[in-house]
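Reviewing the structure listed below.
Number of protein chains: 2
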Amino acid sequence: MIDILRNHITSRLGNDLDNLDKVISTFKHISTKRNEQLLQQGETCKYVYFVAKGCLQVYVYDQDFNETTRDIVIEDNWCSELLSFGSGNPATENIRAVEPCELFAIDRQSFQTMMETVPQFDKVYKQILEASYANSVYRINTFVSLTALDRIKWLMEYRPTLMNRLSSKLIASYLGINKDVFSRLKAKL
Amino acid sequence: MIDILRNHITSRLGNDLDNLDKVISTFKHISTKRNEQLLQQGETCKYVYFVAKGCLQVYVYDQDFNETTRDIVIEDNWCSELLSFGSGNPATENIRAVEPCELFAIDRQSFQTMMETVPQFDKVYKQILEASYANSVYRINTFVSLTALDRIKWLMEYRPTLMNRLSSKLIASYLGINKDVFSRLKAKL
DNA sequence: GTAAAACATCGACTTTTGTCATCGTTTAAG
DNA sequence: CTTAAACGATGACAAAAGTCGATGTTTTAC
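First to last, the protein sequences are chains A and B. Using the working numbering, you'd call the opening residue of the first sequence number 8 and step up by one each time. Using the working numbering, you'd call the opening residue of the second sequence number 8 and step up by one each time.
Here you go:
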């Protein structure tokens, strides 16, 4: 399982990383149950998670306490509430395992230590932040102007596995569509 | 005019910045006309701009060639297409001065030099990136679940000056609302 | 294994949003 | 200054999205 993390890191930072084992061993292995809560808004986000297996949902509540999902993170990707993790401020988002997961978590202090002692490691934070930012910008620029039907088509084109894997309720909340509307439109495809 | 930039930087990095004048003098002063184009998607974004006066629009085109505005940047803020600026890849967004502007621009190479020679300066990039990311996350989390009317109320609460200052067309494209709908809803408030 | 809860779908209906044409006003260019 | 173009508001209508209740299915917890 930990090889998934190892492979991910070497593919980003190269094989010549002196302290690879030191880096790897800094991560804590976490197995979660389905629907386990990893972060509640208001708490400080303590970890950056690497998803080796399973799927995480990053979400907030709207004024009617419905969930709005900002991101769905699957295997071989990083997940966190970066702004809280980086600053120590209260998180504005929630994170939940929507499947049983195998995660590798690194806390803030270890992350700092890694940044200071492993030269290449400070690229990691920048890479994660930039990837997260790119993802958000993309979501705003595409979704704002798309109809519900076009968002579904978008999902089927760019993240097709999610359709079978996750509940309609979750996908609808990710696409910003009412679940009944999602159900109807899906039937029309 | 350049004091606006100077004040902004000292307020972020403190007065004890040794090379403040060196940093300041690295920026190029640019005056723009109304509707002047600063970046076309497909080009590499060459600069990070500090807006000393005026207002910039960051936008893309949807499939019907309507503009969708991701961000509106006013005085005392930074604006760029950071992903293109940082990587040199083609920009996915456009930037335009919607008012006559006074800008201070720093190009990629100078930015690099500053990062290497002025220790505190590398915080700047991280700060700009984090602020941009926070802004995008916030937009997704709030806007996705709000009705057109609630988005307008949001704007009036959090960015009230924009309502008087900018055209209805621009604001509507920022809120992701059709301009006719915006006009009608505004009348009902 | 069974009961309760959560989920998915659907029809009927309401509300919201988008489209189009019109018209008076404001703005910009020569 | 003047004329064209862009803008903003609005009515009539169309399309899209949301709500609600009913029903059958799947999942979960004990």
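Built from N, CA and C at the ideal position, the CB exists for glycine as well. Quick caveat: nothing in here was measured; it's all calculated off a predicted structure.
Residue i - partner residues in DSSP beta bridges
{"i": "ILE147 of chain A", "result": "DSSP output for ILE147 of chain A lists no bridge partner at all."}
{"i": "TRP85 of chain A", "result": "A:PHE57"}
{"i": "ARG103 of chain B", "result": "B:GLN44 and B:GLN64"}
{"i": "ASP78 of chain A", "result": "A:VAL65"}
Listed by chain order, chain B residues near residue i by CB distance under 8 Å
{"i": "GLY183 of chain A", "result": "VAL151 and SER152"}
{"i": "GLY93 of chain A", "result": "GLU137"}
{"i": "LEU90 of chain A", "result": "GLU137, TYR140, ALA141 and VAL144"}
Interface partners of residue i on chain A, CB under 9 Å
{"i": "LEU45 of chain B", "result": "Here the premise fails: no neighbours, minimum Cβ distance about 17 Å."}
{"i": "ARG166 of chain B", "result": "Per Cβ cutoff of 9 Å: no residues; ARG166 of chain B is ~16 Å from chain A at best."}
{"i": "ARG77 of chain B", "result": "VAL144, ILE147, ASN148 and VAL151"}
Counted within 10 angstroms of its Cβ, other Cβ atoms place residue i as buried (16 or more) or exposed
{"i": "GLU100 of chain A", "result": "buried"}
{"i": "SER91 of chain B", "result": "buried"}
{"i": "THR124 of chain B", "result": "exposed"}
{"i": "ALA104 of chain B", "result": "buried"}
{"i": "ASN185 of chain A", "result": "exposed"}
{"i": "PHE57 of chain A", "result": "buried"}
{"i": "GLN64 of chain B", "result": "buried"}
{"i": "ARG191 of chain B", "result": "exposed"}
{"i": "ARG158 of chain B", "result": "buried"}
{"i": "ALA59 of chain B", "result": "buried"}
{"i": "SER143 of chain A", "result": "buried"}
{"i": "ALA179 of chain B", "result": "buried"}
Contact list for residue i against chain B, beta-carbon separation under 9 Å
{"i": "ASN73 of chain A", "result": "SER152"}
Own chain, CB closer than 8 Å to residue i, minus 5 neighbours either side, in chain order
{"i": "THR33 of chain A", "result": "ILE113, SER117, THR120 and MET121"}
{"i": "VAL67 of chain A", "result": "GLN48, GLU74, THR75, ARG77, THR99, GLU100 and ASN101"}
{"i": "ARG41 of chain B", "result": "ALA104, VAL105, GLU106 and PRO107"}
{"i": "ILE31 of chain A", "result": "ILE9, LEU12, ARG13 and ILE16"}
{"i": "THR168 of chain B", "result": "ILE81"}
Same chain, Cβ closer than 7 Å to residue i, neighbours up to 5 away in sequence not counted
{"i": "ILE37 of chain B", "result": "LEU110 and ALA112"}
{"i": "ASN26 of chain B", "result": "VAL125"}
{"i": "MET163 of chain A", "result": "MET170"}
{"i": "PHE150 of chain B", "result": "ARG158 and GLY183"}
Chain A contacts from the segment 126-151 of chain B (Cβ-Cβ distance under 7 Å)
If the cut-off is 7 Å between Cβ atoms, the segment 126-151 of chain B has LEU136, GLU137, SER139, TYR140, ALA141, SER143, VAL144, ARG146, ILE147, ASN148 and VAL151 near chain A.
| request: Note down, in chain order, all residues in the segment 46-68 of chain A with a beta-carbon under 7 Å from any beta-carbon belonging to chain B. | output: Hits within the stretch, in order: VAL67.
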